[in-house]
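If you read the sequences in order, they're chains A and B. According to my numbering, the stretch in the first sequence is residues 69 to 861, in order. According to my numbering, the stretch in the second sequence is residues 256 to 402, in order. Even for Gly, the Cβ is constructed at its ideal location relative to N, Cα and C. The model shown is predicted, which means the values in this text are computed figures rather than measured ones. Here the structure comes first, spelled out in structure tokens, and everything after it is commentary.
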Amino acid sequence: MKKTAYLVSAILLLLNCAAASSGSTSSAGLSKYLFAAILAPFAASIIIACFYRYLGDLSAYLGAFSGLVSLAATFQLYGANFSASYSWIPSIGASFGFYVDGLSLLIATLASGIGVLIFVYSRVYMDHGARKRKYYTVLTAFMGSMIGLVFSSNLFMLFLFWEFTSICSFLLISHKQRTLEGIYASKKSLIITVGSGMTLLAGFLILGETAGTYNMAEMLKTGNMAQMLSEKSLYLPVLGLIGLGAGAKSAQVPLHIWLPDAMEAPTPVSAFLHSATMVKAGVFLIARFRPILMPGEYWSTVFIVLGLTTMTIAAFLAVAASQLKELLAYSTASHLGLIVAGLGFSSVLGAETAVFHILNHAVFKAALFMIAGIVLHELGTQKISKLSGLRRRWPLTALAATIAGFSMAGIPPLNGFYSKELLFESSYYFATHNGGFAWLVPATAVLGSVFTFIYSFRFVSVFYGKKTIDIPDLSRLIVVPPLILAFTALIIGLAPNRVIGLIVNPALASISLNAHGMSVHLPTSLKPAFVMTLITVSLGLIGFKERKELNEYFNQVLEVRLLNANFYYHSFLELSDRSSDFAVNLTESGLLRTYAVWTLVISSLMTLAGYLISNAIPAVSINVSLPLVIVLSTALASVYAVIKADSYIAAVLTLSILGFMVSIYYLLMDAPDLVMTQLVVETLSLIIFLLVLDRLPELRKKISASRNFRDLLIAMLSGFAVFASIVYAKMSETPKEIAEYYVENALPGSGGTNVVNVILVDFRGVDTMGEISVIAMAGIAILMLFEMRGEKK
Amino acid sequence: MSTVIARQTTKLVVPLMLLLSLNFFLQGHNLPGGGFIAGVLSAAAIALLYIIFNFEGIKSLRGQTQRKHYGLVERYTEISEIGLVFAAGTGLIAIELGLRFLNHRKGLLHLPLFGEIHWTTAMLFDLGVYLVVVGAALTIVEVLGEE
Chain A
69 MKKTAYLVSA ILLLLNCAAA SSGSTSSAGL SKYLFAAILA PFAASIIIAC
119 FYRYLGDLSA YLGAFSGLVS LAATFQLYGA NFSASYSWIP SIGASFGFYV
169 DGLSLLIATL ASGIGVLIFV YSRVYMDHGA RKRKYYTVLT AFMGSMIGLV
219 FSSNLFMLFL FWEFTSICSF LLISHKQRTL EGIYASKKSL IITVGSGMTL
269 LAGFLILGET AGTYNMAEML KTGNMAQMLS EKSLYLPVLG LIGLGAGAKS
319 AQVPLHIWLP DAMEAPTPVS AFLHSATMVK AGVFLIARFR PILMPGEYWS
369 TVFIVLGLTT MTIAAFLAVA ASQLKELLAY STASHLGLIV AGLGFSSVLG
419 AETAVFHILN HAVFKAALFM IAGIVLHELG TQKISKLSGL RRRWPLTALA
469 ATIAGFSMAG IPPLNGFYSK ELLFESSYYF ATHNGGFAWL VPATAVLGSV
519 FTFIYSFRFV SVFYGKKTID IPDLSRLIVV PPLILAFTAL IIGLAPNRVI
569 GLIVNPALAS ISLNAHGMSV HLPTSLKPAF VMTLITVSLG LIGFKERKEL
619 NEYFNQVLEV RLLNANFYYH SFLELSDRSS DFAVNLTESG LLRTYAVWTL
669 VISSLMTLAG YLISNAIPAV SINVSLPLVI VLSTALASVY AVIKADSYIA
719 AVLTLSILGF MVSIYYLLMD APDLVMTQLV VETLSLIIFL LVLDRLPELR
769 KKISASRNFR DLLIAMLSGF AVFASIVYAK MSETPKEIAE YYVENALPGS
819 GGTNVVNVIL VDFRGVDTMG EISVIAMAGI AILMLFEMRG EKK
Chain B
256 MSTVIARQTT KLVVPLMLLL SLNFFLQGHN LPGGGFIAGV LSAAAIALLY
306 IIFNFEGIKS LRGQTQRKHY GLVERYTEIS EIGLVFAAGT GLIAIELGLR
356 FLNHRKGLLH LPLFGEIHWT TAMLFDLGVY LVVVGAALTI VEVLGEE
């Protein structure tokens, strides 16, 4: 049976490959670097999956190596801006389309660069872990799909990579298989990210159909898609669908709830997927569509509100958190909110905020996660109230934590300071331009930043104070990756404009309509943004001093059930559980007739509804000859006999009269092929009927009148649906030209005079291929039914 | 189980049916027929054998089966698998030849006794169809017959 399954899937794969006719439309010599960047991690993934037995822990270094290859290839692409496309399924507009620009290069650099460090870190962290083969295989595959995602230009391809990252995340979150928390967390992330992926696909479809292309590079060239969509009043739906998909992936409130639970994953995974890269995919998408969708009036409203709400609420939750990783998870959602808000501002400043913070956040947050991982790994606990004074035994880790933590808090001259300053500037700019309620925007930004300041200091504080627990020595290797990242944060902070020129400016150019090279400076005078920073720092210091009281107070607020987003998630799950139970009880009684009733009624109703909507009632004209009348009335008589038959044998035999009448009907219609087919098939099915006949249950004579009436209605309904289908098929007899084409070309084109057969094997050969696959599958399915029934006994 | 007359008739009719099905298959391109009809007819012929000589009899023709129930069935599913691969294979060969998937070539062939024979690669595809139909139909007959 397994062999058959392999065979069938191999055939499907072959068909798919056959459909993909290769042919590059445009590609520069640079494409080889592009392919190297995407394929290196996938190659590593396959090698690890196949040869883990020989590689063992070397898999970590193989993963790191593939990351290095991708990173090097990405560096080769810097400065390039091109698109390449290879056709895949041309009929629906799907192609292997690639687009390289500043934005994709920025995130590809992060994915591969941080990936290298993560693999080195994993080597130590996962040393005694289980299922390392699965771990490294999925992690490398994730890196490849993340890089593939950012370089995708075709929306279908992008969607595939998008879902693939979600699946990798699912597999890694549930890495500790069979723990209830792991199952709960991975299920939650899957439901939220993949479920919202569906809305993303819907958004893509509307967008692609409106633009007439699924190629993003072409859409970006078109420019103002917002206007095109508004004219068809599709702008808001598209914005909502894509915003929902991207927002769920980037853990925006209220869909942020999956991220804290996802901390169930091994810490390197949290650092890599759930802070530095995968959750950036949503932000990436919003940034990607910013140039073409922002001119619409709702863009700013939607994303500023979404971003700042998330930033503030998630920061609030981070202050209330009790575990290190939980704190970092909420903080990640909060910083993603900051980036989304930046993308919402229509000014160039907003774009600068977002792009620069994508880089900065990835650097300091990955470092902080790795540090939290060290604490959890070495001490077995990550409860903040239990930890203090870790600095005494782990000075280097404490140094890295301090740099990264201060950067997160936004303290100059570290990198986090600059992007936060840019957020303040853009929110202030927004408020002065819009006035009124718009002043809430800078106020919220400051509030969120105060919370950020407080939780950043809470994180760092576990390294200071009195030593309360025994602290073991650390392996040197595990400290290196967070140190590298912390110093990167410091270097970006000390020489921001060098990094901006190299990495940030190209990305800025691809998301902002009127960008010019940006630069940031330490404030020299009392500008509004700097005042906001001063307010943040002073309020933050006060809050940090009162952190115990704040923590307790915030936790009291969270006790209120209706304020807790998880309450809604659980109600939703319960509701869908109950409604699916209901539906299953209704439709799946285990009795064949129940299935038949539901299938017939629903398919007939849908067919008829389709005809009603299409709103064309055809005129029916029937002209019958005498022989036809005789044949059809014999058929009708046999139907009556079937109903009245008092045994199965009689019913089957009279039913076959109907079949033979149909073949005579074909004969009258001059269709010899059909006659022969019908005759042989009729014979064969009679034989099959006779084989199973004595196995059927007793023919029931007594059927209640109400059930009889119900069955009559259903039979009439499905009969009518079939009749209507035939009438409609007859009505749309446009394909005269097609029929003529077949008749004319059968002999010259294929050398056959039997047009029917030529159509089957040549003109519409692919259809026949599909049909015989179905026949083969039907045979296997019947075999399976019987075999499984045997197993049950 | 069955009468002498039925058995003798079957012995006569089954080869004829198989010949007829071969005829259908070969003439398919120009006259009524083709892989599908030929397949169903062949399957019907073998199903007839099953009914007249009962299932045990057919099995004893092949000697011992390795697994008690599905020895024959596996052969039948294999036939349909081979057919599928064959049909898809003809399409893929077309790609190798620089044509598109499932495009066919035709031509004339001179054979000493038969004269000019008209050939087309579509026939190979049709052979795939034939095998799939025979395999699937006989799988069903065999499985149901086991009951």
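Counted within 10 angstroms of its Cβ, other Cβ atoms place Pro564 (chain A) as buried (16 or more) or exposed = buried
Is the CB of Ile755 (chain A) under 9 angstroms away from at least one CB in chain B?
-> yes
With 9 angstroms set as the bound, which would you pick, yes or no: does the beta-carbon of Pro740 (chain A) sit closer than that to a beta-carbon of chain B?
-> yes
Gly271 (chain A) - containing alpha helix (DSSP H), residue span = Gly263 to Ala279
Using a Cβ cut-off of 9 angstroms (strictly closer), state whether Val268 (chain B) contacts chain A.
-> no
Terminal residues of the continuous alpha helix (DSSP H) containing Ser180 (chain A)?
-> Gly170 to Tyr193
Looking only at C-alpha atoms, which of A:Leu406, A:Ile579, A:Arg201 and A:Ser172 sits nearest to Ile215 (chain A)?
-> A:Ser172
Any C-beta of chain B under 9 angstroms from that of Phe854 (chain A) = yes
Label Ser517 (chain A) either buried or exposed according to how many other C-beta atoms from any shown protein chain fall within 10 Å of its C-beta, with 16 as the threshold for buried.
-> buried
Should Gly170 (chain A) be listed as close to the ligand MG, given that the test is whether its C-beta is under 8 angstroms from any heavy atom?
-> Absence of the ligand MG is noted for the structure shown, with no ligands found whatsoever.
Start and end of the beta strand (DSSP E) containing Ser453 (chain A)?
-> Premise fails: Ser453 (chain A) is in no beta strand (DSSP E) and is neither H nor E.
Which listed residue (A:Gly611, A:Ala789, A:Phe498 and A:Leu780) has its alpha carbon closest to that of Ile670 (chain A) | A:Ala789
State yes or no: is the C-beta of Ala554 (chain A) within less than 9 angstroms of the C-beta of Phe437 (chain A)?
-> no
Check each candidate in A:Ser138, A:Asn222, A:Ile115 and A:Arg121 and name the one with the smallest Cα separation from Ser153 (chain A).
-> A:Asn222
Ignore the nearest five residues each way along the sequence and tell me which others in Leu863 (chain A)'s own chain have a CB closer than 6 angstroms to its CB.
-> In the structure as shown, chain A starts at 69 and stops at 861, and residue 863 (chain A) therefore has no counterpart that could be examined.
Using a cut-off of 7 angstroms between C-beta atoms, extract the partners of Leu828 (chain A) located in chain B.
-> Gly289
Among A:Leu361, A:Lys770 and A:Ala401, nearest to Leu323 (chain A) - alpha-carbon criterion = A:Ala401
Anticipated Cβ contact below 8 angstroms, Val138 (chain A) with Ala105 (chain A), distance rounded = The question names Val, but residue 138 (chain A) is Ser in the sequence shown. With 8 angstroms as the limit, Ser138 (chain A) and Ala105 (chain A) qualify as a contact, their Cβ atoms being about 5 angstroms apart.
Is Lys300 (chain A) closer than 9 angstroms to Thr267 (chain A) when the C-beta atoms are compared?
-> no
Helix, strand or coil for Gln320 (chain A), going by three-state DSSP, please let me know.
-> coil
Buried or exposed for Tyr621 (chain A), please, with buried defined as at least 16 other CB atoms from any protein chain shown within 10 angstroms of its CB.
-> exposed
Rounded straight-line distance, which links the Cα of Ala162 (chain A) to that of Thr335 (chain A) = 36 angstroms
Cβ-Cβ distance between Ser190 (chain A) and Gly131 (chain A) below 9 angstroms | yes
Ordered along the chain, which non-local residues of its own chain (more than five positions away) have a Cβ less than 6 angstroms from that of Ser264 (chain A)?
-> Leu312, Gly313 and Ala316
Measuring only between beta-carbons, confirm whether Thr265 (chain B) sits less than 9 angstroms from chain A.
-> no
Pull up the distance between the alpha-carbon of Phe422 (chain B) and that of Pro740 (chain A), whole angstroms please.
-> Outside the modelled stretch of chain B, which goes from 256 to 402, sits residue 422 (chain B), for which no answer is possible.
Locate the beta strand (DSSP E) running through Phe831 (chain A), then write down its first and last residues.
-> Run containing Phe831 (chain A): none; DSSP gives neither H nor E here.
For a contact meaning CB atoms closer than 9 angstroms, what does Val398 (chain B) contact in chain A?
-> Gly847, Ile850, Leu851, Leu853, Phe854 and Glu855
CB of Thr745 (chain A) within 9 angstroms of CB of Phe291 (chain B), strictly = yes
Check whether the stretch 403 to 414 of chain A touches the stretch 371 to 383 of chain A, taking contact to mean three or more Cβ pairs, one atom from each stretch, closer than 8 angstroms.
-> yes
Which of the three DSSP states, helix, strand or coil, is assigned to Trp156 (chain A)?
-> strand
Beta-carbon of Arg262 (chain B) versus every beta-carbon of chain A: anything under 9 angstroms?
-> no
Provide the residue span of the alpha helix (DSSP H) that contains Val408 (chain A), from first to last.
-> Leu392 to Gly412
Could you check if Tyr204 (chain A) is buried or exposed, using at least 16 other CB atoms within 10 Å of its CB as the buried criterion?
-> buried
Name the one or two DSSP bridge partners that Gly165 (chain A) has.
-> A:Ser153
For Tyr325 (chain B), name the three-state secondary structure that DSSP assigns.
-> Confidence at Tyr325 (chain B) is low in this model, with a pLDDT of 47, below 50, so its placement is unreliable and the value that follows should be read with caution. Coil.
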